[in-house]
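For the protein sequence lines, the chains are S and Z, in the order given.
Sequence positions in the first sequence follow our numbering and run 4 to 158.
Sequence positions in the second sequence follow our numbering and run 4 to 158.
Positions of the beta carbon are idealized from the N, C-alpha and C atoms, including for glycine.
Notes for the one structure printed next.
2 protein chains.
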Amino acid sequence: MFGYNTISIDQKHRVSIPAKYRVDFLKTNETEIVVTKDPQYPSLKLYKGSEWKIISTKLQSLQGLDPVVRNLQWTILGNASVTDFDPNGRMLILLPQELRNYAQLDNKNKISFVGMGNKFEIWNTDNWNLRQTGGTLATEILDVVLPSSIKEMSF
Amino acid sequence: MFGYNTISIDQKHRVSIPAKYRVDFLKTNETEIVVTKDPQYPSLKLYKGSEWKIISTKLQSLQGLDPVVRNLQWTILGNASVTDFDPNGRMLILLPQELRNYAQLDNKNKISFVGMGNKFEIWNTDNWNLRQTGGTLATEILDVVLPSSIKEMSF
DNA sequence: AAATGAGTTGGTCTGTAAGCCGGATTCTGT
DNA sequence: ACAGAATCCGGCTTACAGACCAACTCATTT
């Protein structure tokens, strides 16, 4: 599913996934959704359960003594938050503190939800233009240092 | 199981494993958990009993003439602390002094618990934040010195 | 304008983390 | 060797976060 939406976080830090995406999830018999950090930008990534299985398995299989690899594993695996779908169709997910910090979502009540096919992103609306301009310094460094085995992977 | 949690150590140096991870352990019929030093960073690693069997076997099989290898064996095997699960479901593990020292957990009451799938890590929260923002020189050096037979192993 | 469906908020309730307390065991000093 | 002290360990209790349930409001469509 594609598209840009503005959705809201309530005081309990809950976010409800827009209905049109939900339909897409149900079509493919997904039962869970996973939220984690985007390693490149101050934003969050949402994966369908099935997508997540692939990605996390790949990442775990990478050998862990390389500091760059470990860093990636920490960021992506170490911050993942798995949520099952609401039985009555609704889809409310709770964003953990650490993730809210990372994506700078605190003290906000409106955030950006971006559909990218299999993957979805959650942004602080103010940061969204980072995507356009090229991101943080960390991104550039990461890009240079990253082993090609990882560069080829899709997050 | 994945995710980042802040948990507390009590005055008796006990740590209780968050429930969602516990569930995961029970699902795979694990009966014990092993805590040991992380050879690279001032932090601790938790393994499921089954995972630990594999890792320790691998490590023992390495020939001990290389001083780097012996060092690794000492750090990982020599400090392992095995704990059985609480029969009534609770999962309180006691962190031995040596391990607390190593991970710089004394005089702290909050620590970081990081789930990485099969493995789990325990960090002094202050150090964890450092890891996120950058690396230490020691890590890079370790990476150069390490024989490739070890680099290929995953801890 | 009414009805249906989606988004949002609020309340309740359960499971759990963490503190507390008391008994046991080890350690120390005389 | 014995008594007192200090540390260790298990059970119990409680405050609170998160899951669940439900209602209300807003929007959209016919």
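| Asked | Found |
| --- | --- |
| Short-range partners of chain Z found in the segment 67-92 of chain S, where Cβ spacing is below 8 Å | G67, L68, D69, P70, R73, N74, Q76, W77, T78, L80, G81, N82, A83, S84, V85 |
| Helix, strand or coil at F5(Z) [DSSP, three-state] | strand |
| F28(Z), DSSP secondary structure in three states | helix |
| Proximity winner among W131(S), T39(S), Q14(S), relative to S84(S) (alpha-carbon distances) | T39(S) |
| Among Y44(Z), P70(Z), W55(Z), L75(Z), the one whose alpha carbon lies nearest that of P70(S) | Y44(Z) |
| Beta-bridge pairing of L2(Z) - partner residues as DSSP gives them | Given that chain Z is displayed from residue 4 to residue 158, the structure contains no residue 2(Z) and the question cannot be resolved. |
| Cutoff 8 Å: S46(S) Cβ touching any chain Z Cβ | no |
| Under the three-state DSSP convention, the category S59(S) falls into | helix |
| 8 Å Cβ cut-off: residues of chain S touching R134(Z) | N74, W77 |
| Selection of the segment 7-38 of chain S by Cβ proximity to chain Z, strictly under 9 Å | V37 |
| Neighbourhood of K23(Z) by C-beta distance below 8 Å, restricted to the same chain and skipping five residues each side | M4, G6 |
| Chain Z contact residues for Q63(S), given Cβ-Cβ distances below 9 Å | M119, G120, N121, K122, S157 |
| With 16 other Cβ atoms within 10 Å as the buried cut-off, status of Q76(S) | buried |
| Extent of the continuous beta strand (DSSP E) run through R17(Z) | 17-19 |
| Proximal residues of chain S, C-beta to C-beta of N100(Z) below 8 Å | Rather than Asn, the amino acid found at residue 100(Z) in this sequence is Gln. Correct list: empty, because the minimum Cβ distance to chain S is about 26 Å. |
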